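Undergrad: Residue numbers (my numbering): 49 to 313.
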Ligand code: HEM
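#1: Is the CB-CB distance between residue 304 and residue 237 below 8 Å?
#2: If I'm right that residue 197 touches residue 264 with Cβ under 8 Å, what's the distance once you round it to whole angstroms?
#3: At which residues does the alpha helix (DSSP H) containing residue 219 begin and terminate?
#4: Near ligand 1, which residues have their beta-carbon less than 6 Å from any of its heavy atoms, given in chain order?
#5: Closer than 7 Å by C-beta to residue 18: which residues in its own chain qualify, once you throw out the five before and the five after it? Chain order, please.
#6: According to DSSP, what are the bridge partners of residue 317?
#7: Note down, in chain order, each residue of its chain lying with its Cβ closer than 7 Å to the Cβ of residue 166, except the 5 sequence neighbours on either side.
#8: Measure the C-alpha to C-alpha separation of residue 193 and residue 287 and round it to an integer number of angstroms.
#9: Please report the straight-line C-alpha distance between residue 185 and residue 57, rounded to a whole angstrom.
#10: In three-state DSSP terms, what is residue 131?
#11: Specify the secondary structure class of residue 189 as computed by DSSP and reduced to three states.
#12: Could you have a look at residue 203 and say whether DSSP puts it in helix, strand or coil?
#13: Rounded to whole angstroms, what is the Cα-Cα separation between residue 180 and residue 163?
#14: At the level of alpha carbons, what is the spacing between residue 133 and residue 199?
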């Protein structure tokens, strides 16, 4: 089964590299190049692993796909095809049945510090983006209105996306490396779903920001309904992140079905 998946992933990587490379008007040329090279490497590794014995490649493939999920998330800035690749990488990782070592006391604290810092940073970025959305919607001065949306675009790519990645990677480490697990406790699973849902929703929000930044370059143009939608979306993101904080501290809901099974109950 895992060899068939490797074959499917190798074929997908060839198609994705080609689609990304040939896209004529990619908004972020750096991520277009990264996506093309990334999928070319993925194709070589996937097909190459079929030639070697399973045990020799299992570890390499687990590490590769775990790192390739966040990498493909960045390739989304160049094309939508990486959504499929991210899903395939998750399925392959699960099929390879990875076992994670428990974190020691100091490394758990270090990773938890990074995780809390990343999550809190993300919350701050989302508050700043909500403020910019309100400013863009309400400012009378056309220059201020346009600057608000231009800043939002920069915040989105330079701050929000790295914050999502950093929070999810550190969140995955403190989940897999501790008895909490990723799917064993309802509060962790709920946070994971929130953290996954936000970037999916952000693909819409990102296109609204680009549209508004373009539209408001004309001083006579108003943000209109898209401006209101964007403010609503930013308010929703901010609320969801606060819910993640509450879940983290109160840890409600107990164990999931998988958590009960793992505990032998
Ligand atoms: C992929 C998503 C996430 C996962 C899998 C995750 C997982 C975890 C786990 C397992 C812990 C406990 C670690 C330990 O006890 O060593 C934790 C702690 C924490 N997380 Fe997350 N988290 C995620 C997203 C977030 C987000 C989005 C925020 C905030 C906006 C956040 C804020 C916190 C805080 C404040 C703690 C410390 C709680 C405490 O020590 O009492 N996490 N997280």
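Yeah, the Cβ is synthetic: ideal placement off N, Cα and C, and Gly gets one too. The model shown is predicted, which means the values in this text are computed figures rather than measured ones.
TA: Taking the geometry as given:
#1: Within the chain shown, numbered from 1, the residue matching residue 304 stands at position 256. Within the chain shown, numbered from 1, the residue matching residue 237 stands at position 189. Yes. Within cutoff.
#2: Start at 1 with the first residue of the chain shown, and residue 197 comes out as number 149. Start at 1 with the first residue of the chain shown, and residue 264 comes out as number 216. Correct: roughly 6 Å between the Cβ atoms.
#3: In the chain shown, residue 219 corresponds to position 171, counting from 1. Taken as a continuous stretch (DSSP letters only), the alpha helix (DSSP H) holding residue 219 covers 209-224.
#4: My final list is 156, 160, 163, 164, 167, 170, 171, 215, 216, 219, 220, 222, 223, 226, 228, 230, 236, 239, 240, 243, 289, 292, 293, 296 and 297.
#5: The chain is shown only over 49 to 313; residue 18 falls outside these bounds and no answer can be derived.
#6: In the structure as shown, the chain starts at 49 and stops at 313, and residue 317 therefore has no counterpart that could be examined.
#7: Residue numbering aside, residue 166 sits at position 118 when the chain shown is read from its first letter. 211, 214, 215 and 218, listed in sequence order.
#8: As a working note, residue 193 is residue 145 in the chain shown. As a working note, residue 287 is residue 239 in the chain shown. About 24 Å.
#9: Residue 185 sits at position 137 when you count from the first residue of the chain shown. Residue 57 sits at position 9 when you count from the first residue of the chain shown. So the alpha carbons of these two residues sit roughly 44 Å apart.
#10: Position 83 of the chain shown, counted from the first residue, corresponds to residue 131. In the three-state DSSP reduction, residue 131 falls in the helix class (H, G or I).
#11: Sequence index remark: in the chain shown, residue 189 carries index 141 (1-based). Secondary structure of residue 189 (DSSP, three-state): coil.
#12: On the chain shown, residue 203 is found 155 positions in, with the first residue counted as 1. Under the three-state reduction of DSSP, residue 203 is assigned to helix.
#13: Taking the first residue of the chain shown as position 1, residue 180 is located at position 132. Taking the first residue of the chain shown as position 1, residue 163 is located at position 115. Across the structure, residue 180 and residue 163 are spaced so that their CA atoms are roughly 26 Å apart.
#14: As a position in the chain shown, residue 133 is number 85, starting the count at 1. As a position in the chain shown, residue 199 is number 151, starting the count at 1. When rounded, the distance between both Cα atoms is 30 Å.
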